[in-house]
Amino acid sequence: MCIKALKRFLKREKNVVMRKVPPRLRLIKKEVSGGLQVSCLAFGFYPRHINLTLLRDGQPVVEQELAGGEVLPSGDGTYQLRKSLEVSTEELKKRHNYTCTASHLSLDNKLDVSWESGAERVHLSTLSALLVMVLIVILLGIFICVKRRWRCTASQ
């Protein structure tokens, strides 16, 4: 009796049990004291088994350096996995390239997301230089306007 009921249930729910949902992948950076935490997050995948690797300059980061690593249910019938690495300020200066890569039954190829440490600092310095230039142009414009008005009032 139980076996028949189980077979009927499996036949009915086959699409749910046998489905494949590909993971979504994010590489998250968070400032922490003494550096940065780089987290590789795979979420929304089914079935449960996934291979998630964090690479530094193309080489896998050893598991002992990583925090997390447990596959957890997401509450919507899919799963999630996070692996995090603490990167010191000194390591950030070396401008390593970090890549989060995932292999899953639902994927034909590996899924990769990359980030180069130090890249934000370059963008910040470029933005700062641009801001200074805009400020100089505005001040120069104000100076020219004031000087012209002064000439006009002085000549009258």
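Just so we're aligned, residue 199 is where the sequence shown starts under the working numbering, counting upward by one.
Glycine included, each C-beta is placed from N, C-alpha and C at the ideal position.
Quick caveat, the model's predicted, so the values are computed rather than measured.
8 Å contact criterion, which residue i and residue j should meet: CB distance rounded
i, j, result
"leucine 294", "isoleucine 248", "Before going further, note that residue 294 is histidine rather than leucine in the sequence given. Wrong, their Cβ atoms sit about 24 Å apart, outside the cutoff."
"lysine 308", "alanine 300", "7 Å"
"valine 311", "arginine 210", "Not quite, the Cβ-Cβ distance comes to about 38 Å (not below 8 Å), so this is no contact."
"arginine 246", "tyrosine 277", "5 Å"
Span of the beta strand (DSSP E), counted from its first residue to its last, around residue i
i, result
"leucine 252", "249-254"
"leucine 279", "277-286"
"asparagine 295", "295-301"
"valine 219", "Where valine 219 is concerned, there is no enclosing beta strand (DSSP E), given that its DSSP letter is neither H nor E."
"glutamine 262", "Premise fails: glutamine 262 is in no beta strand (DSSP E) and is neither H nor E."
"leucine 234", "233-243"
Of the residues the options, the one placed nearest residue i, counting alpha carbons only
i, options, result
"serine 282", "Met216, Arg206, Leu252, Arg222", "Leu252"
"arginine 222", "Gly232, Cys298, Met331, Glu289", "Cys298"
"threonine 287", "Gly233, Glu263, Ser304", "Gly233"
"glycine 242", "Gln235, Lys218, Glu261", "Lys218"
"valine 194", "Tyr244, Ala265, Arg280, Leu279", "Here the chain covers residues 199 to 354 and nothing more, so residue 194 does not appear."
"serine 304", "Ala203, Lys202, Trp348, Pro220", "Pro220"
Cα-Cα separation between residue i and residue j, rounded to whole angstroms
i, j, result
"leucine 329", "isoleucine 336", "11 Å"
"leucine 239", "aspartate 274", "17 Å"
"aspartate 255", "lysine 205", "50 Å"
"valine 320", "tryptophan 313", "Because the pLDDT of valine 320 is 49, which lies under 50, any placement of that residue in the model is unreliable, and the number read from its coordinates should be weighed accordingly. Between valine 320 and tryptophan 313, the C-alpha separation is close to 13 Å."
"leucine 290", "valine 230", "13 Å"
"valine 332", "glutamine 257", "43 Å"
"leucine 250", "valine 259", "11 Å"
"isoleucine 334", "threonine 324", "16 Å"
"glutamate 268", "leucine 279", "6 Å"
"valine 236", "lysine 212", "38 Å"
"alanine 327", "isoleucine 342", "23 Å"
Chain B contact for residue i (CB, 8 Å cutoff)
i, result
"threonine 287", "The displayed structure is made up of one protein chain only, and chain B is not part of it."
Beta-bridge partners of residue i, as assigned by DSSP
i, result
"aspartate 310", "Thr299"
"glycine 266", "Lys281"
"isoleucine 226", "Ser237"
Limits of the unbroken alpha helix (DSSP H) element including residue i
i, result
"valine 214", "212-215"
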